[in-house]
Amino acid sequence: MPAVMQDRAFRCTRALLDSNSDQKKPSPTHLAMALKKEFDSRYGPAWHCIVGKSFGSFVTHSSGGFVYYSVEKLSFLLFKTQVRPVKNR
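Shown next, in the form of C-alpha cells:
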C-alpha cells in the first residue's frame with residue numbers, strides 16, 4: 001500500500017481510538033466498520049477491515065491494497081479487493 005494511504009489508515013485509526021477514550025474497550029467491530037467506510041469513500045470500493053487482538057487470515061487482495069499494523073494491543077488488517085460487475089444473462 002502506498003505510504004500516503006498507510007498514513008491515512010494510521011491517522012484514521014488514531015482518531016477513532018482517541019474518540020473512544022471515554023470507553024475502556026473500543027469496539028473492534030465499530031473500528032473496522034469506520035475504517036472500511038472511510039477507505040471505500042476515499043479510495044473506492046471494495047475495502048475490507050479486520051480488527052482484533054488475535055486472528056488468523058488468508059486473503060486475496062488487489063495489488064497495492066494491503067496493510068497490517070497494530071495500535072494499542074489491537075491488530076488491524078485493511079485490504080482492497082477488485083469488484084467486478086455481474087453481467088445479466
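The C-terminal position of the sequence shown is numbered 89 in my numbering, with every residue numbered one higher than the one before it.
Where is the CB? At the ideal position from N, CA and C, for every residue including glycine.
Note that the coordinates shown come from a computational prediction; the quantities given were computed from them, not determined experimentally.
Does the beta-carbon of residue i have 16 or more other beta-carbons within 10 angstroms, so that it is buried, or is it exposed?
i	result
R8	buried
A32	buried
H52	Inspection of the sequence shows that residue 52 is occupied by Gly rather than by His. It is exposed - the Cβ of G52 has fewer than 16 other Cβ atoms within 10 Å.
K37	exposed
F79	buried
T29	exposed
T13	buried
Considering only the alpha carbon of each residue, which of the options lies closest to residue i?
i	options	result
K73	K25, P2, M5 and T60	K25
L92	S57, R84, V83 and S63	Outside the shown range of the chain (1 to 89) lies residue 92, about which nothing can therefore be said.
S75	S62, S54 and V59	S54
For residue i, report the span of its beta strand (DSSP E) as first-last.
i	result
V51	W47 to G52
V71	F66 to V71
S75	L74 to K80
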